[in-house]
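Below: the structure, in structure tokens.
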Amino acid sequence: MSEEIVTTNKEPAAEVKPKRASWKQRFPWLYIILRHPQARIGVAILAALILMSIFAPLIAPGDPAAFTGGINGKPSKENPLGTDPLGRDELHLVVWGGRITLVVGLGTAALAMVIATAVGMIGGYFRGTLDDILVLITNLFLVIPGLPLLIILAAYLHPNTGTVILTLAFTGWAWNARIIRAMTLSLREKDYVAASIVAGEGNFTIIFRQILPNLINLIVGGFIGTTIYGISASTALAFLGLTDMEQISWGTNLFYAQNGNALLIGAWWVFVPSGLCVALAALGLAWINFGMDEITNPRLRAERELRNVLKGTKFQRVRATPVLRREH
Amino acid sequence: MKYILRRLGFYLIALFAAVTLDFFLPRLLPGDPATAILAPMGSRMTDVQIQALRQVLGLGNEPLFQQYLTFLKHLFQGDLGVSYAQFPAPVTSVIATGFRWTLLLGLTSLTISAIIGHLIGILGAWRRGSSFDIVMPPLFNFIGAFPAFFLALGALFIFGLKLHWFPIAHAYDVGTTPGFNQEYILSILKHMVLPLTVSVLVTLQIWIMQMRNTMVSVLAEDYITMAEAKGLTQNRIMFGFAARNAILPSVTGFGIFLGSILSGQMLIEQVFSYPGLGFLMIRAVGARDYPLMGGLFLGITVGVLLANFLVDILYTRIDPRVRSG
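Read top to bottom, the protein sequences are chains A and C. Note that the working numbering has the first sequence beginning at 229, numbered continuously upward. Note that the working numbering has the second sequence beginning at 240, numbered continuously upward.
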């Protein structure tokens, strides 16, 4: 309500030249994320990890796989984080390891979301027999346990970055397809879609111009969630020795640490850096998704804004959350 | 009843899909088992020997469809082949031993985690913005962000290797005699503490987030306001009205959560060498024991489908809308 009042109080729209939409209006999800304190920290963590990976050659120059000295060596001046069971410098391994891990995570998310969006939108929009079949396939992928299937796939396929991304996307798209289908089902009943049909627009235009833009929040949220899945699952696969072991990733670092019996001799420094990086990446992304949750569930956002409004007043909130919107 | 039958039909289709995957993956993907086993032996094998091995693995020259029928026939007879890393144990008996341990660890962990997680979620949503709500859910989110096997390694290092509080491998002491005696049971409990704690810590956030977010929505319903207006006690409103309705999505979501819970547990079993299905499967992959690997995949899938079916039956009991619809 408040929003409408504010807009009518402004000058009549006809007299002003149509301004280009500000970035806040064009990317509302970005704006909300950056306003959410936890999500802001998440963005910072993720940015730091990505920058570290991009500038790996500057931060830790030289060949990361080179033998540098002691085996399972303690942190020292030459090797600030110590060395691993293969005598490689741990600092190099962590800095360079992010490259593969993050690429696999983001690549998995991109591919899985393309599948999820296609399956969800086609099923939700066209309905009928096609939808029934797609829903059945989606549910099958949801109920068949993911890690055992992943392990079987990885055991038979020749493992490299491409096949890892393919298998992870293959096992990880279903949940988002279900969510996108549900949203598409409700969107296609909206008046503006009915208006488009009356105006004679084709299915193609309606799907891409009317429905897809309204799914962006869900797709971005799903992308972030699937990136977490891609990072943790690829790390787990590498930890089990099921990816390309020549590569340097956070997962393979942990594999060599485990297989070199680093823990048994007390060399905790071989495990902690790579494991911590995986956890930080997952945490950063999860916190960004908390920000996203406030977009898809306005009640959560109203919750926080109400708390800010009531702060310092003698008013007490009731149990129920009124849904309110702050003007942007 | 109609609902139950529909679900049963779906699980049968899922089972069929899993069996089909299990059959076609080794045959259609590039690295077939026979070649993989033979690779280290190089050229020392004659063509006849290679052919014989392919025959043993069910990869003979018959048409694919013929092989598929044979595969299904053997499956119906409960014959999943012979594990050759643990020769001559049949795959089914290996699965049976692993199943006990996975079920023990999994059920205990699930029960503890679901109870604590839901309580934290309920209290968090009930006192939104309180210090409890600000500290607890984010804390377990933070813990849940760590890879399960990494936490397991940490626990193993600190409580197993450094402090020597708990054993670091296996499900019971070799010295004890399996059976219903105090020594054996104590040994099992002691070996379970670390894997169980890690498993609970990793899965808590699933239930907390699920419950808290649903509670927030449910608390806005009119019947909660009505209950307050009637002057019911806070506890009665919280558990009898709000939590009771908010728990439904946890039950429907169980099937999906089960997948990720199981993945975490497989890795935890691997770290603690806990002889469950996950540990066996990962070891089978390492040993290139293809019959066992495929059998375990089927075994785990059947277990997951059964669990889902049981939850569906439970669901009809707690949500009357499903029964009538």
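Virtual Cβ for every residue (Gly too), placed ideally from N, Cα, C.
- THR541/A carries a coil assignment under DSSP once its states are collapsed to helix, strand and coil.
- Not a single CB atom of chain A sits nearer than 7 Å to the CB of ALA482/C.
- Around the Cβ of TRP403/A, a 10 Å sphere holds 16 or more other Cβ atoms; the residue is buried.
- Contact annotation: ARG409/A and GLY335/A have beta-carbon atoms that are not nearer than 7 Å.
- Within the region 457–468 of chain A, those residues whose Cβ lies closer than 7 Å to any Cβ of chain C are, in chain order, SER460, THR463, ALA464, PHE467, LEU468.
- The shortest C-alpha to C-alpha distance from GLY450/A to any of LEU381/A, VAL331/A, ASP521/A is the one to ASP521/A.
- PRO373/A sits buried, since 16 or more C-beta atoms from the chains shown fall within 10 Å of its C-beta.
- Per the coordinates, the alpha-carbon of THR555/C lies some 21 Å from the alpha-carbon of LEU364/A.
- Taking the Cα positions, TYR259/A is about 13 Å away from PHE518/A.
- Pairing GLN266/A with GLY488/A, the inter-Cα distance amounts to about 38 Å.
- Judged by DSSP in its simplified three-state form, VAL321/C adopts strand.
- Non-local C-beta neighbours of PRO488/C in its own chain, meaning closer than 6 Å and more than five positions away in sequence, comprise THR453, ordered along the chain.
- For the C-beta of THR540/C, the chain A residues within less than 8 Å are, from N- to C-terminus, ILE372, PRO373, PRO376.
- Contact between the region 339–348 of chain C and the region 497–505 of chain C is present: 3 or more CB-CB pairs across the two stretches fall below 8 Å.
- The region 527–545 of chain C makes contact with the region 249–258 of chain C, as at least three CB pairs between them are under 8 Å.
- According to the DSSP secondary-structure assignment, PHE295/A is paired through a beta bridge with ARG316/A.
- The C-beta distance from TRP478/A to SER502/A rounds to 4 Å, short enough to fall under 8 Å.
- Residue nearest to PRO313/A within the set SER424/A, ALA485/A, ASP472/A, HIS264/A is ALA485/A (criterion: CA-CA distance).
- When Cβ pairs closer than 8 Å are counted between the two stretches, the region 461–472 of chain A is seen not to touch the region 277–292 of chain A, the count staying below three.
- Per the coordinates, the alpha-carbon of LYS401/C lies some 15 Å from the alpha-carbon of TRP497/A.
- In this model, PHE381/C and ILE516/A are separated by some 13 Å (Cα to Cα).
- Using a CB distance below 8 Å, the part of the region 477–499 of chain A facing chain C consists of LEU482, GLN486, LEU491, LEU492, GLY494, TRP496, PHE499, ordered along the chain.
- In the DSSP assignment, THR331/C forms no beta bridge with any residue.
- Within the region 246–264 of chain C, the residues whose Cβ lies closer than 9 Å to some Cβ of chain A are PHE249, TYR250, ILE252, ALA253, ALA256, ALA257, LEU260, ASP261, LEU264, listed in chain order.
- Our two residues, PRO292/A and ASN300/A, have alpha carbons roughly 15 Å apart in a direct line.
- Those residues of the region 400–425 of chain A placed with their C-beta closer than 8 Å to a C-beta in chain C are TRP403, ordered along the chain.
- For PRO386/C, the nearest CB of chain A lies under 7 Å from its own CB, placing it at the interface with that chain.
- GLN266/A: member of the alpha helix (DSSP H) spanning 265–282, first to last residue.
- Residue-level contact check: VAL524/C touches chain A, since one or more beta carbons of chain A fall below 7 Å from its beta carbon.
- SER502/C reaches chain A at GLY374, LEU375, counting residues in chain order whose Cβ is nearer than 7 Å.
- Between GLY360/C and ILE447/C, the C-beta gap is smaller than 7 Å, which places the two residues in contact.
- Out of GLY453/A, PRO376/A, ASN536/A, the CA that lies nearest to the CA of ALA509/A is found in GLY453/A.
- If one requires a minimum length of 3 residues, no beta strand (DSSP E) run lies completely within the region 382–431 of chain A.
- Within the region 279–312 of chain A, no residue places its CB atom closer than 8 Å to a CB of chain C.
- The region 453–463 of chain C makes contact with the region 473–485 of chain C: 3 or more CB pairs, one atom from each, lie closer than 8 Å.
- Judged by beta-carbon spacing, VAL330/C lies within the 7 Å limit of PRO530/C, meaning their Cβ atoms are closer than that value.
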